[in-house]
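Quick notes on the structure that follows.
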Amino acid sequence: MKISNDDKIKMLWEMMRIRQFEERAGELYVAGIITGALHASNGQEAVPVGVIMNLKEDDYLQSSHRGHGHVLAKGGEFKPMMAELFGKITGYCKGRGGSMHFAYVEKNILGTNGIVGGGIPIAAGVGYSIVYKGTNQMVACFLGDGAANTGAFHEGINFAAVVNAPVLFVIENNQWAISVPRKWSDRLVDLSKRAAAYGILGETVDGNDVLAVYEAANKAVKEIRAGNGPVLLECKTYRWKGHHAGEPASLQYRDPKEVEAWLKKCPIKKLEKALLEEKIISEAEIEEMTKKIEQELDEAVEFAKKSPLPEAASLHDHLYV
Amino acid sequence: MKISNDDKIKMLWEMMRIRQFEERAGELYVAGIITGALHASNGQEAVPVGVIMNLKEDDYLQSSHRGHGHVLAKGGEFKPMMAELFGKITGYCKGRGGSMHFAYVEKNILGTNGIVGGGIPIAAGVGYSIVYKGTNQMVACFLGDGAANTGAFHEGINFAAVVNAPVLFVIENNQWAISVPRKWSDRLVDLSKRAAAYGILGETVDGNDVLAVYEAANKAVKEIRAGNGPVLLECKTYRWKGHHAGEPASLQYRDPKEVEAWLKKCPIKKLEKALLEEKIISEAEIEEMTKKIEQELDEAVEFAKKSPLPEAASLHDHLYV
Amino acid sequence: MRTITYSEAIHESIDYNMEKDETVFNLGEDIGVLGGGFRATHDLYEKYGRKRVLDTPLSEIAIVGAAIGAALGGLRPIPEIMYIDFTPGCMDMIVNQMAKIHFMFGGQIKVPMVLRTVCGAAGYNAAQHSQSMYPFFVHTPGLIVVTPSTPYDAKGLLNTSIADDNPVIFMEHKRLYTSKGEVPEEFYTIPFGKADVKREGDDLTIVATHALVHDALALAEEMEKEGTSIEVIDPRTLVPFDKETIFKSVEKTNKLIVADESILSCGMASEISAIVAEEMFDYLDKPIIRVASPNCHCPFSMPLEDAYIPGKEELKEAIAKVL
Amino acid sequence: MRTITYSEAIHESIDYNMEKDETVFNLGEDIGVLGGGFRATHDLYEKYGRKRVLDTPLSEIAIVGAAIGAALGGLRPIPEIMYIDFTPGCMDMIVNQMAKIHFMFGGQIKVPMVLRTVCGAAGYNAAQHSQSMYPFFVHTPGLIVVTPSTPYDAKGLLNTSIADDNPVIFMEHKRLYTSKGEVPEEFYTIPFGKADVKREGDDLTIVATHALVHDALALAEEMEKEGTSIEVIDPRTLVPFDKETIFKSVEKTNKLIVADESILSCGMASEISAIVAEEMFDYLDKPIIRVASPNCHCPFSMPLEDAYIPGKEELKEAIAKVL
Ligand SMILES: Cc1ncc(C[n+]2csc(CCOP(=O)(O)OP(=O)(O)O)c2C)c(N)n1
Ligand SMILES: Cc1ncc(C[n+]2csc(CCOP(=O)(O)OP(=O)(O)O)c2C)c(N)n1
Ligand SMILES: [Mg+2]
Ligand SMILES: [Mg+2]
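Chains as they are written, first to last, in the numbering used here: chain A, 1 to 321; chain B, 1 to 321; chain C, 1 to 323; chain D, 1 to 323.
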């Protein structure tokens with residue numbers, strides 16, 4: 001498949017934005033400046049970027065608890081995201097949601113979700129609304145390998161299959177559900193095998209290779225837009241950090257060798273290397289991109305810091321319409 | 001596979017017991033003598049019989065809402081069953097349960113269940129207790145095709161697979177979940193395909209052929225007792241009656257031709273024919289069996305009628321140990 | 001005025017709203033060809049087709065989840081859960097998603113949907129088919145909880161529910177479907193949070209919901225002859241809850257009985273009692289008596305179910321305590 | 001006496017009971033190698049192995065369902081649901097199976113299991129990780145509901161829970177895990193249904209649960225200096241519920257405040273208020289005031305969560321209303 005140089009550069013850019021956002025958020029957390037439950041996606045950036053590059057502006061996103069990357073790839077902006085992490089009223093959710101409930105409805109980003117698997121049946125329903133209205137939109141729904149063992153997964157995907165909902169279900173298989181390894185979670189090698197349980201297409205791809213993810217998602221999206229209903233795409237990847245920002249990456253449950261091996265498979269490095277070799281980009285340009293993102297992040301942090309916190313008296317706001 | 005003549009006759013006997021019990025219960029319901037929610041299994045008798053003939057006395061049964069046949073095949077007796085349907089204190093559950101909560105713990109019959117799919121994770125746990133204790137028991141868990149679309153199915157079977165629980169999950173695929181046809185419930189031809197989602201063995205068999213069910217179950221039971229964990233067995237069959245005793249079988253949602261075609265595939269007639277042809281049994285003997293069962297049913301109804309109802313004052317009994 | 005059943009009133013509202021608004025649709029088990037367990041959606045499948053009367057797989061999580069998603073996608077879904085007893089199976093979707101999305105997203109998006117379901121004990125269906133656990137929904141902020149007791153209220157409140165932009169739990173009652181009452185043919189709405197004084201009286205206030213409204217009215221009629229004047233108030237919506245109408249009544253009668261079929265402990269009768277004990281203590285002459293389902297499962301056997309269901313007997317006993 | 005934390009007290013009880021009884025085992029997410037989100041099961045995996053400290057798939061329905069099955073199979077499971085917020089995801093197993101099997105089967109079989117879970121708002125985790133909806137369990141007959149507020153109570157009540165043949169919901173509180181208190185090294189039990197008078201007083205009764213017990217005690221200490229004598233009672237188990245101890249106190253003080261972190265409407269504070277309003281009306285001099293989480297979701301942002309959590313401030317306001 002032919003992917004334009006511009007698109008490849010965009011992929012690098014998007015992955016870098018995610019990585020740097022996650023790093024910054026992690027630092028702010030460790031410094032005690034932000035708080036709450038923060039699930040970083042360092043190391044998994046190729047998945048949201050490779051998938052979402054195939055979406056149109058008005059397609060929907062349904063995300064998981066580990067959702068910063070999805071939101072960013074779908075058009076989330078640093079300032080309101082950072083402000084949300086700071087609990088400020090300039091955040092997307094006016095400080096009500098935080099990391100686990102990032103939503104940016106203007107861009108059809110229908111939220112991260114603190115309930116693992118919770119977004120899956122909802123995505124199926126968004127998909128049904130598309131069938132109902134007859135628009136040419138679709139939904140990308142991200143979930144972890146752990147989420148694939150929830151009842152919501154089974155009911156949500158089966159429902160989507162039956163009503164032919166245009167939903168791309170993406171399993172970000174990072175091999176662990178917190179401390180529980182795959183071998184204690186399921187008996188499979190490839191979770192995409194579960195597609196057969198719903199009579200839909202399933203595929204497994206190297207989730208650390210953004211071009212491979214892009215291609216697989218592209219094929220899936222074509223299938224979906226052709227009206228054939230949902231597709232299940234499994235992207236094999238790895239979480240670099242602790243499960244959440246408060247958990248050291250070195251925690252005992254993962255073999256340090258396993259972590260190290262995956263660190264070597266950095267999706268960003270991999271694409272950088274390819275682009276440098278193909279002379280699509282230069283070291284200097286990458287450096288410049290990094291700086292630009294850092295600067296944007298500085299501004300976002302500044303913005304977040306300066307933004308006001310909600311008043312205690314506004315506690316009940318947005319409870320009802 | 002060689003099945004002894006005695007076993008074949010036992011199969012016929014067991015199926016006849018179920019059929020006649022269901023017919024009697026249906027009559028009592030229509031006559032307004034018994035009440036509540038009654039889900040008859042007429043036409044599906046080969047499934048419980050073919051499966052349960054492979055179980056040992058101390059194996060467990062986990063049943064569904066359509067469970068009279070399972071309970072009977074596992075050793076349920078007419079009198080306490082009938083008494084339970086009458087709401088009498090001589091019933092298995094002392095009148096507290098009724099048809100949807102038939103349990104006979106002495107025979108390791110762990111109950112029918114009013115929640116579709118509800119028994120599946122429970123069966124997985126019973127299976128885990130067997131692994132835990134290291135006994136050579138197993139569990140047979142019956143469920144409908146509708147139940148195969150519940151979150152409980154997914155979580156329960158996956159859990160059983162991961163812990164290697166000795167459970168035979170039997171889908172009684174009677175093509176309908178009340179008025180909802182398979183095509184609106186899933187996209188599959190064979191529901192046993194879902195076994196692959198859990199890395200376990202799956203097989204589909206003609207659920208109206210008791211010998212075929214017996215053979216398939218026998219193979220599955222061997223697999224399970226060998227310590228290889230759960231197996232998913234789909235038995236294709238058909239519900240002759242309305243969904244529950246209060247619903248006419250002729251209700252509009254099913255094509256009468258479909259119903260008729262299945263009536264011709266009576267599992268009891270099929271076995272009778274074979275046994276008669278092989279001269280394993282005579283018409284007279286069958287006639288006698290029928291009569292014997294009728295007489296036992298008469299006695300059971302008499303017993304149930306004469307048994308006392310619970311006192312209103314005993315409302316709170318058995319709420320806590 | 002024309003008289004129709006509770007079930008027909010619900011049907012009429014759904015039909016009208018579907019006709020008026022293309023985005024209104026139903027999804028659930030056996031609501032289409034079968035027309036629903038209590039006929040409330042009968043013939044709608046024939047009239048509007050599968051797209052808008054969607055028979056689903058046996059998947060309560062998906063029914064509610066997909067309804068939420070469809071609402072986010074701009075539709076106005078009416079999911080049906082056949083019995084309230086099956087809502088524990090999809091409670092996460094109700095409690096953690098449906099009720100919270102609008103709030104968690106800082107008001108960015110609305111979740112307009114009406115979850116219809118059926119409560120109450122009837123017909124000897126035992127512990128898993130006889131419940132009324134809507135206190136779960138009252139205890140979950142962000143939901144509207146509606147409990148109509150008459151065909152008139154059912155139609156008016158369902159019209160309001162479908163028009164409302166908040167997620168609504170619309171509680172129908174098994175023993176009321178065939179009850180009849182006067183219902184205007186034309187469209188009308190009944191505001192949320194407006195209790196209805198079903199009968200005026202001076203000596204005692206009974207706040208009752210659903211089927212117990214009718215028990216209370218029947219008893220009040222009887223006791224009128226004995227010279228006791230009972231006021232019967234139906235809150236009609238449990239969230240929002242009209243305290244004012246009840247307070248006004250207690251100011252007058254100084255005695256309160258609360259009657260609700262949900263289970264006693266942490267049930268709706270307790271909630272209403274606690275509100276009044278907190279805010280109207282000085283007007284009370286007597287203890288507040290609760291009539292509710294006992295702290296027990298609904299048993300199958302006839303005499304036991306009969307003993308289980310709260311009704312006129314229990315109301316009488318309660319009255320004896322305060323008069 | 002030796003002082004240990006609430007988390008250590010729980011750990012000690014589980015460890016002891018596992019050692020004593022081969023049939024006791026744990027299952028849940030991240031309870032094994034990780035040792036649980038709050039360290040309550042740490043090192044047990046190393047000591048007893050996977051068989052008895054079973055890390056499960058991310059499947060709450062299966063965790064509770066399998067625990068029920070294992071109990072039916074003769075074991076004494078201790079399933080853990082990481083946060084109470086995830087119990088709606090397995091509510092059917094809790095409400096329709098775990099709580100009902102013994103009853104529906106006419107007493108033929110027992111379901112001895114202790115479902116451990118964690119409630120309370122803390123640390124800015126927003127609406128889906130801050131709840132205390134145990135009123136769902138109080139509203140479901142057939143369950144025992146335990147809410148220990150101190151390390152001593154935690155160990156004693158957990159010992160009782162594991163020995164009990166009924167299904168138990170054992171509610172731990174996030175903000176209490178690191179709290180310390182005196183706990184005997186030896187085995188002891190605390191009976192269900194026995195409230196603990198945490199502090200005696202004459203002017204006012206505060207019935208409080210979990211973290212609010214400590215807020216109430218701190219406030220009582222302060223107010224003692226101002227000459228107000230407050231009695232603080234911790235019911236310790238919500239089901240069964242010890243009315244008598246509370247009644248005795250109200251007889252003496254004639255004033256009652258109820259403080260519980262579950263949400264106000266249909267919450268535990270309302271239930272306790274309603275019991276007293278029904279049975280002890282004549283002893284009350286003042287309205288019964290409830291302190292609870294507001295009828296609102298727990299928001300993420302710091303000042304909002306702080307405003308949300310009921311504590312000393314809210315207790316003070318309540319006291320001002322009755323003194
Ligand atoms: C229903 C539910 N159960 C448990 C949790 C606690 N929890 C949060 S993330 C997580 C692991 C999720 O694993 P996976 O889906 O693989 O995503 P990952 O964290 O690996 O990205 C768990 C157990 C939760 N939030 N929701
Ligand atoms: C969780 C749940 N949802 C819905 C129902 C209502 N209901 C009872 S049986 C049934 C259909 C079950 O279909 P299937 O599993 O195929 O079994 P069958 O009745 O065909 O034997 C439904 C929807 C229920 N009892 N439990
Ligand atoms: Mg994972
Ligand atoms: Mg079926």
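Glycine residues also receive a C-beta, built at the ideal position from the N, C-alpha and C atoms.
Straight-line gap, A:K328 to C:V64 (C-alpha atoms, nearest Å): No statement about residue 328 of chain A is possible, as the shown extent of chain A runs from 1 to 321 and does not include it.
Beta-bridge pairing of D:E172 - partner residues as DSSP gives them: According to DSSP, D:E172 bridges with D:V118.
Nonlocal neighbours in the same chain, by C-beta distance under 6 angstroms from B:G26, ignoring five residues either side: The residues A40 and A245, in chain order, have a CB closer than 6 angstroms to that of B:G26 in the same chain once the five nearest residues on each side in sequence are set aside.
CA nearest to the CA of B:G69, picked from B:D58, B:G50 and B:E234: Among B:D58, B:G50 and B:E234, the Cα nearest to that of B:G69 is on B:G50.
Which residues DSSP lists as bridging A:E234, in chain order: When beta bridges are read from the DSSP output, A:E234 appears opposite A:I171 and A:T204.
Buried/exposed call for C:P151, threshold 16 Cβ in 10 Å: It is buried - the Cβ of C:P151 has at least 16 other Cβ atoms within 10 Å.
Short CB-CB distance (under 8 angstroms) between C:E226 and chain D: So no, C:E226 is outside the interface.
Run of the beta strand (DSSP E) containing D:F241, from where it starts to where it stops: Where D:F241 is concerned, there is no enclosing beta strand (DSSP E), given that its DSSP letter is neither H nor E.
Simplified DSSP assignment, three categories, for D:G73: In this structure, D:G73 counts as coil in the three-state DSSP scheme.
Distance between beta carbons of B:N158 and A:N149, contact taken as under 8 angstroms: Indeed, because the Cβ distance is near 5 angstroms, the residues count as touching under 8 angstroms.
CB-CB length for D:T209 against D:D260, believed under 8 angstroms: Correct: roughly 5 angstroms between the Cβ atoms.
Start and end residues, alpha helix (DSSP H) containing B:R17: Looking at the DSSP string, the run of the alpha helix (DSSP H) that includes B:R17 is N5 to V30.
Three CB pairs or more closer than 8 angstroms across the segment 29–36 of chain A and the segment 123–130 of chain D: In this structure the segment 29–36 of chain A touches the segment 123–130 of chain D; the number of beta carbon pairs closer than 8 angstroms is three or more.
DSSP state of D:N17 mapped onto helix, strand, coil: In the structure shown, D:N17 sits in a helix (DSSP, three-state: H, G or I).
Segment limits, alpha helix (DSSP H) that includes C:E221: Its alpha helix (DSSP H) spans residues H210 to K225.
beta-carbon A:D190 near ligand 3 non-hydrogen atom, thresh 7 angstroms: Here the distance from the Cβ of A:D190 to the nearest heavy atom of ligand 3 is not below 7 angstroms.
Residues of its chain near B:Y128, where Cβ-Cβ distance is below 6 angstroms and the 5 sequence neighbours each way are ignored: Excluding positions up to five away in sequence, the list reads V163 and A165.
Cutoff 7 angstroms; reference C:E271; Cβ partners in own chain excluding five residues on either side: Within the same chain, C:E271 has close Cβ partners V138.
Beta carbon proximity, A:M100 to chain D, threshold 8 angstroms: Yes, because at least one Cβ of chain D sits closer than 8 angstroms to the Cβ of A:M100.
From D:G201, D:R236 and D:P235, residue whose alpha carbon lies closest to that of D:L219: Closest option to D:L219, judged by alpha-carbon separation, among D:G201, D:R236 and D:P235: D:G201.
Cutoff 8 angstroms: A:H68 Cβ touching any chain C Cβ: Interface criterion not met: the Cβ of A:H68 is under 8 angstroms from no Cβ in chain C.
Coarse secondary structure for A:W262, derived from DSSP in three states: Three-state DSSP puts A:W262 in a helix.
Chain B contact for C:N125 (CB, 8 angstroms cutoff): Answer yes: the Cβ-Cβ gap between C:N125 and chain B drops below 8 angstroms somewhere.
Contact set for C:D30: own chain, Cβ-Cβ below 8 angstroms, skip 5 residues either direction: Cβ-Cβ distances below 8 angstroms link C:D30 to G36, G37, D55 and M82 in the same chain, with the five nearest sequence neighbours on each side left out; the list follows chain order.
Reduced DSSP category for C:C90 - H, G, I as helix; E, B as strand; rest coil: Secondary structure of C:C90 (DSSP, three-state): helix.
Cβ distance (whole Å) where B:L271 is taken to contact B:Q20 below 8 angstroms: Going by Cβ atoms, the distance from B:L271 to B:Q20 rounds to 15 angstroms, so no, they are not a contact pair.
DSSP-derived helix/strand/coil call for B:E288: Reduced to three states, the DSSP call for B:E288 is helix.
Beta-carbon proximity check, B:M323 vs B:V170, cutoff 8 angstroms: Nothing can be reported for residue 323 of chain B: it is not among the residues displayed for chain B, which extend from 1 to 321.
Secondary structure of C:R39, DSSP reduced to three states: If DSSP states are grouped into helix, strand and coil, C:R39 belongs with coil.
Distance, C:Y134 Cα to D:Y283 Cα: Taking the Cα positions, D:Y283 is about 32 angstroms away from C:Y134.
Chain-ordered neighbours of B:W176 on chain A, where CB pairs are closer than 8 angstroms: The CB of B:W176 never comes closer than 8 angstroms to any CB in chain A; the least such distance is about 15 angstroms.
Contacts of A:G199 in chain B (Cβ-Cβ under 9 angstroms): Residues of chain B passing the Cβ test: D186, R187, L188, V189 and K193.
Residue of A:N108, A:E106 and A:I115 minimising C-alpha distance to A:S99: Of the listed residues, the one whose Cα sits closest to A:S99 is A:I115.
heavy atom of ligand 3 below 7 angstroms from A:W240 C-beta: Within the chosen limit of 7 angstroms, ligand 3 does not reach the beta carbon of A:W240 with any heavy atom.
Neighbourhood of C:L115 by C-beta distance below 6 angstroms, restricted to the same chain and skipping five residues each side: Excluding positions up to five away in sequence, the list reads P79 and I169.
Where the segment 243–271 of chain C meets chain D: residues whose CB sits under 8 angstroms from a CB there: Contact annotation: in the segment 243–271 of chain C, residues whose CB is within less than 8 angstroms of a CB in chain D are S262, I263, S265, C266, G267, M268, A269, S270 and E271.
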